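Peer 1: One structure coming up, written as structure tokens, with questions to follow.
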Amino acid sequence: LAKTTQPISMDSYEGQEVNITCSHNNIATNDYITWYQQFPSQGPRFIIQGYKTKVTNEVASLFIPADRKSSTLSLPRVSLSDTAVYYCLVGDRSGGYQKVTFGTGTKLQVIP
Amino acid sequence: GAVVSQHPSRVICKSGTSVKIECRSLDFQATTMFWYRQFPKQSLMLMATSNEGSKATYEQGVEKDKFLINHASLTLSTLTVTSAHPEDSSFYICSASRSGLARETQYFGPGTRLLVL
Numbered sequence: 588l589a590k591t592t593q594p595i596s597m598d599s600y601e602g603q604e605v606n607i608t609c610s611h612n613n614i615a616t617n618d619y620i621t622w623y624q625q626f627p628s629q630g631p632r633f634i635i636q637g638y639k640t641k642v643t644n645e646v647a648s649l650f651i652p653a654d655r656k657s658s659t660l661s662l663p664r665v666s667l668s669d670t671a672v673y674y675c676l677v678g679d680r681s682g683g684y685q686k687v688t689f690g691t692g693t694k695l696q697v698i699p
Numbered sequence: 416g417a418v419v420s421q422h423p424s425r426v427i428c429k430s431g432t433s434v435k436i437e438c439r440s441l442d443f444q445a446t447t448m449f450w451y452r453q454f455p456k457q458s459l460m461l462m463a464t465s466n467e468g469s470k471a472t473y474e475q476g477v478e479k480d481k482f483l484i485n486h487a488s489l490t491l492s493t494l495t496v497t498s499a500h501p502e503d504s505s506f507y508i509c510s511a512s513r514s515g516l517a518r519e520t521q522y523f524g525p526g527t528r529l530l531v532l
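Listed in order, the protein sequences are those of chains P and G. Here the first sequence is numbered in my numbering, starting from 588 and rising by one per residue. Here the second sequence is numbered in my numbering, starting from 416 and rising by one per residue.
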């Protein structure tokens with residue numbers, strides 16, 4: 588079961604780019620990397636998913652090096668509403684279907 | 416698209432009673448649904464995985480007779496907390512996946528806050 592390690596917390600000023608790195612040294616060949624955002628008392632919200640290299644969507648970019656042992660979520664020009672906990676997950680196929688384990692997540696605090 | 420709802424959003428019950436929480440995928444069919452529990456200031460912990468029409472697979476340490484899971488259709492899964500006790504008070508979150516395969520995105524419900532008095 589691939590385990591992820593992220594910084595517990597980060598602070599950033601509004602308007603800056605934020606990069607959150609996640610380590611997953613034991614990632615398996617077929618595992619995908621997914622990032623979720625969670626606000627207090629809400630369910631996690633999908634941000635982005637990737638397998639290798641770079642993926643970009645309307646809210647974030649995901650950078651994955653060739654060895655796939657880490658990944659970096661990049662949030663451009665954060666605003667106060669981006670204050671949340673960000674989770675990096677690595678899928679683990681068990682019993683024929685997906686099972687993921689949530690790590691501690693990174694609590695991002697955006698400062699005015 | 417890919418909306419998951421939960422009902423109720425919050426519930427307060429007396430110790431010893433049972434509580435049922437519903438998880439619905441509103442605009443897609445979910446082969447696999449997952450149930451998580453989250454205590455304050457902690458991460459989500461997977462409780463069980465259920466495939467439509469099959470028995471749920473519980474994580475180690477989760478009592479299957481206490482947390483009954485029914486995934487009777489491709490759009491509905493229920494979690495029943497039987498004989499609830501104060502230590503069962505938590506935030507329960509479900510997620511749904513179309514195929515359950517590793518690449519498939521999980522879509523999460525808004526969560527249900529359970530308080531057992």
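By construction, the Cβ of each residue, glycine as well, lies at the ideal position given by its N, Cα and C atoms. Given the structure is predicted, the values throughout are model-derived calculations rather than measurements.
Output, in chain order, the set of chain P residues within a Cβ distance shorter than 8 Å of G/ARG452.
Peer 2: The premise fails here: G/ARG452 is roughly 11 Å from chain P at the closest Cβ pair, so nothing lies under 8 Å.
Peer 1: Looking at C-alpha atoms only, which residue of P/ARG664, P/ARG655, P/ASP654 is the closest neighbour of P/ALA647?
Peer 2: Selected option, being the one with the closest Cα: P/ARG664.
Peer 1: Would you report the Cα separation of G/VAL531 and G/VAL434, rounded to the nearest angstrom?
Peer 2: One C-alpha to the other measures close to 10 Å.
Peer 1: Quick check: what's the CA-CA separation for P/THR693 versus G/MET462?
Peer 2: Going from the Cα of P/THR693 to the Cα of G/MET462 covers about 22 Å.
Peer 1: What residues from the region 622 to 641 of chain P come within 9 Å of chain G, judged by C-beta to C-beta, listed N to C?
Peer 2: Per Cβ criterion, the list reads TYR623, GLN625, SER628, GLN629, GLY630, PRO631, ARG632, PHE633, GLN636, TYR638.
Peer 1: What residue does the beta strand (DSSP E) around P/VAL605 start on, and which one ends it?
Peer 2: Taken as a continuous stretch (DSSP letters only), the beta strand (DSSP E) holding P/VAL605 covers 605 to 610.
Peer 1: Hey, how far is the Cα of G/GLY524 from the Cα of P/VAL687?
Peer 2: Rounded to the nearest angstrom, the two C-alpha atoms are 16 Å apart.
Peer 1: Does G/CYS509 get closer than 9 Å to chain P when you measure Cβ to Cβ?
Peer 2: Yes, its Cβ sits closer than 9 Å to a Cβ of chain P.
Peer 1: Can you say whether G/ASN466 is buried or exposed, counting buried as having 16 or more other CB atoms within 10 angstroms of its CB?
Peer 2: Counting Cβ neighbours within 10 Å, G/ASN466 comes out buried, since at least 16 surround it.
Peer 1: By Cβ distance below 8 Å, which residues in the same chain neighbour G/ASP480 in space, the five residues on each side in sequence not counted?
Peer 2: So the list reads THR497, once near-sequence residues are dropped.
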